[in-house]
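Comments concern the structure below.
Residue numbers (full-length UniProt numbering), protein chains in the order written: chain A, 1 to 571; chain B, 1 to 600.
Set out below in structure tokens:
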């Protein structure tokens with residue numbers, strides 16, 4: 001290759017006269033060629049294609065000799081025309097275009113006219129590679145290789161494909177036995193003594209090996225698992241660090257609705273699913289059941305990883321406490337009360353109704369003998385009834401709403417005191433003998449009904465918020481027991497003089513009867529049992545039962561309602 | 001002076017001294033928050049709820065003893081060492097000292113968690129009690145894909161698979177499985193080991209969804225501990241049935257990714273002392289993934305397989321073998337295990353390709369069945385004449401063998417839960433199977449018994465030759481909550497008595513009033529008697545109807561009055577929860593009614 005490069009020569013030859021003289025130099029100019037030059041040089045070629053092909057081959061094989069002989073063929077290769085580098089205009093009018101090497105004129109060839117050249121071009125398929133050489137006045141046909149070279153040059157590559165522009169550098173200079181070194185300085189001392197730093201490094205290694213920092217054989221691997229729990233591991237109980245271990249609650253087990261194929265009733269309808277959107281985020285169900293027809297259609301659960309992660313968070317971030325969970329039957333919460341039957345008698349059913357008032361009956365009072373009942377109403381009348389028969393004995397029209405009526409507790413003086421407005425009237429009922437009149441004293445209206453028990457150490461107070469308090473005066477100033485009885489205001493409370501009964505009545509149209517037994521033994525707590533709820537009154541104006549009173553001797557309860565009826569409940 | 005003033009020099013007392021907030025604990029331990037987290041997870045330390053939160057309500061509190069316990073753990077020192085070592089490596093790389101860096105890399109300090117396992121679970125039973133989360137997590141990770149960016153590495157996943165298969169092999173081998181349930185979330189299993197009920201969830205064998213709202217650091221720390229724990233538990237369990245623990249498996253089956261099949265073969269082969277290899281021989285577990293064939297390897301391993309089979313004491317079981325097995329195993333199993341062991345006795349199952357193979361290969365041998373599958377390495381193929389059930393999950397089955405029944409996979413799960421062989425018509429190919437019910441629900445306590453649960457109950461009773469009351473009658477009586485309530489609270493007799501009395505009184509009253517009226521009007525007694533009968537009847541009927549409800553309500557309120565406030569509150573809360581439950585049941589009933597209406 002190098003050869004063809006060096007030889008490269010351009011090829012004027014191929015003249016018919018001197019065909020075999022320089023068979024080798026046909027060539028392919030290469031190295032220094034720019035295009036013009038190239039073309040110029042090729043001017044010498046003659047148009048015969050066959051010959052050129054042949055000569056090209058020969059050249060490749062036999063070019064060696066020529067290469068050896070001359071490095072540069074430029075001078076050697078002479079064009080046919082020897083006029084040199086003169087403008088060709090000088091020969092414009094001459095017959096010849098110059099002289100050949102032997103001094104003979106080179107005649108101009110007759111120019112083909114256009115049609116001829118065109119026809120020649122049409123006939124000859126190779127016309128596109130023919131070039132007219134002005135200098136030598138001839139047509140030159142470029143070979144395939146030359147075309148290739150032109151193309152490569154146009155692309156900016158080396159003209160010859162075989163050329164390696166980055167060949168390895170061959171160092172031709174022989175350095176051996178060349179005598180003097182570059183520096184004539186003597187060898188320094190450090191070249192002859194062991195290196196201190198290397199010594200230190202070695203020492204380091206030695207020490208590291210001795211101390212076992214550097215190990216050459218890998219440590220034997222222990223089996224990763226062993227029998228951790230022996231059979232008698234009861235002593236291990238103490239290993240906890242003194243705090244109680246609270247195990248994490250186990251995850252909830254799945255119910256029917258989590259099945260891949262739940263029954264129809266577990267699947268919410270579309271409306272229900274839509275209604276979940278209206279709920280608060282925390283109330284919304286976390287899992288919406290779905291139904292798949294077959295196992296193969298079940299997809300991967302999209303929240304699997306998330307739920308696993310949430311569980312992890314719960315395990316290490318959630319504060320744990322022991323919460324006592326009541327897992328009992330709610331019935332056991334109810335206190336053990338004695339049977340109601342054993343606490344009889346107590347009022348249970350409505351036996352009588354005393355009708356006659358036209359307005360709400362504000363207050364009633366039972367005469368101590370238990371024969372008469374007096375009632376005062378907001379219609380401005382006070383009536384006295386016979387209890388057993390329900391006969392209205394007397395009616396007084398006082399003209400103003402009656403607040404309260406009370407009998408004289410002395411049976412021999414059947415006097416009735418009534419309060420209305422700012423006045424208190426004492427009425428002579430005329431039931432007993434003629435009685436003397438008594439002076440009147442101003443009395444005030446009682447805000448809250450207070451009833452004191454017989455023994456005078458227990459007080460029952462009913463309050464407006466529907467609570468009833470049982471105070472034990474000996475025990476404390478706080479109520480011994482508070483009952484949330486009525487949903488509405490308590491209007492009155494009453495206790496029985498002889499039976500262990502007390503009652504409360506309220507605006508919710510009910511009256512409660514309680515058994516309240518106080519023992520003489522101070523260690524025993526009073527026994528309070530709710531016995532009966534008495535209904536029957538109807539509400540009017542938002543008021544219900546306005547007053548309740550026990551019969552002085554019988555376990556009967558009288559209630560006065562805002563529906564202007566007085567009722568008697570008997571056992 | 002402020003309320004909580006503490007004079008200088010006086011120590012803190014009470015909750016202030018006992019509890020410490022997380023930030024303070026981290027400062028106290030002088031570690032980073034992330035290593036504190038890791039430490040807490042590994043040591044099982046959790047925040048506690050102090051009675052009084054001294055530092056504020058929104059903070060997490062740790063008990064001081066817990067923190068002291070952490071502070072004395074050698075793991076803290078180890079973490080520091082690791083951190084320092086990592087710095088050294090980084091430095092070596094920075095100085096381009098590759099030798100040093102490589103040497104350091106090989107010498108990374110490691111820590112072991114076996115001490116922690118023993119510390120947290122002093123007895124084996126403790127470990128079993130806490131195994132639920134561990135198993136669920138390991139099974140979850142066994143199904144996850146490898147994600148390098150999240151540090152989920154191939155080895156972790158493989159280790160999880162191995163551990164989970166080892167666990168399943170043990171459960172299946174010893175017939176400890178009790179309940180199974182296919183849910184949308186995956187398949188739940190419940191096993192009973194040493195009296196402890198262990199429930200775990202395996203995801204469906206599909207590509208899992210990776211979400212980005214998950215902190216894998218935390219999960220991987222948990223997994224680290226769980227892997228260790230499960231390894232030790234497996235060791236103990238294998239030890240208890242006289243097996244060497246890290247089992248050496250048949251390489252051929254491992255190559256086929258049929259790890260667990262290999263595992264059960266191993267189990268069967270090495271437990272020569274227990275002549276139970278019959279079913280274990282057949283019990284097999286294989287992965288669903290198919291692995292490309294490796295011819296050379298298979299040839300070599302077939303040889304090994306032949307050797308292995310040769311080692312088995314009895315390769316082909318005869319009737320005698322069965323008898324021996326029955327005789328020997330009877331004494332050491334409890335009743336339930338025995339029941340489970342013989343549920344699928346003498347049955348041969350074949351799994352089609354589309355069936356979730358992994359879970360069925362686990363369940364069927366656990367209940368004494370013999371199973372094979374469509375694929376490489378299966379013990380027998382589809383054309384085997386002895387197959388009694390073929391499990392199929394496709395719309396149409398092409399070729400049918402007459403000698404066997406074709407059922408959907410749900411049948412196996414339902415049979416296992418019902419502990420009986422259910423009739424197969426409902427589960428046949430192409431039909432929508434009956435609803436799959438959860439075995440974890442106590443239907444009676446819940447107050448609603450699904451229809452299919454009743455059917456199963458009836459079938460069970462029929463199998464046990466018991467007679468149950470007709471449907472409708474018994475259940476209706478029990479279900480009617482109103483009746484129950486009244487029955488429970490009020491004595492019937494008492495109620496009747498009261499009603500009677502009321503009736504009588506009202507009659508008397510009425511009579512009296514009538515008479516009074518008549519007197520006033522001047523009507524004669526004799527004439528009034530004629531009208532009387534009819535009016536009386538009317539009154540009586542009017543009065544009685546509201547009575548029973550009224551009495552129940554009265555009784556309720558009476559008992560409420562006498563309760564203390566605290567108890568009353570509890571009682572009311574209970575009533576509310578009861579009501580909620582009842583509302584749920586009502587909703588279900590309503591939906592069912594609607595569905596039935598639509599159908600008809």
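Glycine included, C-beta positions come from ideal geometry on N, C-alpha and C.
For residue j and residue i, believed in contact at Cβ under 8 Å, the rounded distance
i	j	result
residue 349 of chain A	residue 502 of chain B	5 Å
residue 202 of chain B	residue 190 of chain B	Their Cβ separation, rounded to whole angstroms, is 12 Å, which puts residue 202 of chain B and residue 190 of chain B out of contact at 8 Å.
residue 528 of chain A	residue 536 of chain A	In fact, because the Cβ distance is near 24 Å, the residues do not count as touching under 8 Å.
residue 81 of chain A	residue 98 of chain A	4 Å
residue 514 of chain A	residue 366 of chain A	Their Cβ separation, rounded to whole angstroms, is 19 Å, which puts residue 514 of chain A and residue 366 of chain A out of contact at 8 Å.
residue 338 of chain A	residue 555 of chain A	The pair is not a contact, with the Cβ atoms about 17 Å apart (cut-off 8 Å).
residue 572 of chain A	residue 506 of chain A	There is simply no residue 572 of chain A to check, as chain A begins at 1 and stops at 571 in what is shown.
Local conformation of residue i per DSSP, three classes
i	result
residue 74 of chain B	helix
residue 96 of chain A	strand
residue 569 of chain A	strand
residue 34 of chain B	helix
residue 150 of chain B	helix
residue 594 of chain A	Examination of residue 594 of chain A is not possible in this model, given that chain A is present from 1 through 571 alone.
residue 175 of chain A	coil
residue 204 of chain B	coil
residue 481 of chain B	Note on residue 481 of chain B: pLDDT 43, under 50, position unreliable in the model; no value is reported.
residue 122 of chain B	coil
residue 147 of chain A	helix
residue 277 of chain A	coil
residue 421 of chain B	coil
residue 407 of chain B	strand
residue 407 of chain A	strand
Exposure label - residue i; buried when at least 16 CB within 10 Å
i	result
residue 58 of chain B	exposed
residue 13 of chain B	exposed
residue 358 of chain A	exposed
residue 137 of chain B	buried
residue 128 of chain A	exposed
residue 180 of chain A	exposed
residue 123 of chain A	exposed
residue 228 of chain B	buried
residue 543 of chain A	buried
residue 163 of chain B	buried
beta-carbon residue i near the ligand SAH non-hydrogen atom, thresh 8 Å
i	result
residue 259 of chain A	The ligand SAH is not part of this structure, which contains no ligands at all.
Q | Against chain B: residues of the stretch 309-337 of chain A by CB proximity under 8 Å | A | 309, 311, 312, 313, 315, 316, 317, 318, 319, 320, 321, 326, 330, 331, 333, 334, 335, 337
Q | Sufficient close CB pairs (3 or more, under 8 Å) joining the stretch 26-37 of chain B to the stretch 555-570 of chain A | A | Three or more Cβ pairs closer than 8 Å define a contact, and the stretch 26-37 of chain B falls short of that threshold against the stretch 555-570 of chain A.
Q.
Counting beta carbon pairs with one atom in the stretch 244-258 of chain A and one in the stretch 278-295 of chain A, are three or more of them shorter than 8 Å?
A. The stretch 278-295 of chain A is in contact with the stretch 244-258 of chain A.
Q. How do the stretch 45-52 of chain B and the stretch 87-100 of chain B stand: do at least 3 beta-carbon pairs fall below 8 Å, yes or no?
A. no
Q) Does the pairing of the stretch 260-276 of chain A with the stretch 430-449 of chain B give three or more beta-carbon distances under 8 Å? A) yes
Q.
Tell me whether the stretch 337-355 of chain A and the stretch 379-395 of chain A touch, counting them as touching only if at least three CB pairs, one residue from each stretch, are closer than 8 Å.
A. yes
Q.
Under 8 Å, CB to CB, which of the residues in the stretch 53-65 of chain B have a partner in chain A?
A. Per Cβ criterion, the list reads 60, 61, 63, 65.
Q: Could you list the residues in the stretch 187-200 of chain B with a C-beta less than 8 Å from some C-beta on chain A, going in chain order?
A: Along the stretch 187-200 of chain B, the positions whose C-beta sits under 8 Å from a C-beta of chain A are 188, 199, read in chain order.
(Q) Three Cβ pairs or more, each shorter than 8 Å: is that satisfied between the stretch 213-230 of chain B and the stretch 170-178 of chain B? (A) no
Q) What are the residues of the stretch 171-198 of chain A that lie near chain B, defined by any Cβ-Cβ distance shorter than 8 Å? A) none
(Q) Closer than 7 Å between beta carbons: that is the criterion. Which residues of the stretch 432-445 of chain B meet it against chain A? (A) 432, 433, 435, 436, 437, 438, 440, 441
Q) Are there three or more Cβ pairs, one per stretch, closer than 8 Å when the stretch 59-70 of chain B is compared with the stretch 329-346 of chain A? A) no
Q. Three or more beta-carbon pairs under 8 Å between the stretch 221-231 of chain A and the stretch 394-407 of chain B, yes or no?
A. no
Q. Just by C-beta distance, which residues in the stretch 254-268 of chain A are closer than 9 Å to chain B?
A. 254, 255, 256, 257, 258, 259, 260, 261, 262, 263, 264, 265, 266, 267, 268
Q) Taking contact to mean at least 3 C-beta pairs separated by less than 8 Å, is the stretch 232-249 of chain B in contact with the stretch 64-71 of chain B? A) no
Q) Would you call the stretch 295-303 of chain A and the stretch 203-213 of chain B in contact, with 3 or more CB pairs under 8 Å? A) Under the 8 Å Cβ criterion, the stretch 295-303 of chain A counts as touching the stretch 203-213 of chain B, having at least three qualifying pairs.
(Q) Across the stretch 391-407 of chain A and the stretch 369-379 of chain A, are there enough close Cβ pairs to call them in contact, namely three or more that are closer than 8 Å? (A) In short, these stretches touch, since the Cβ pair count reaches three.
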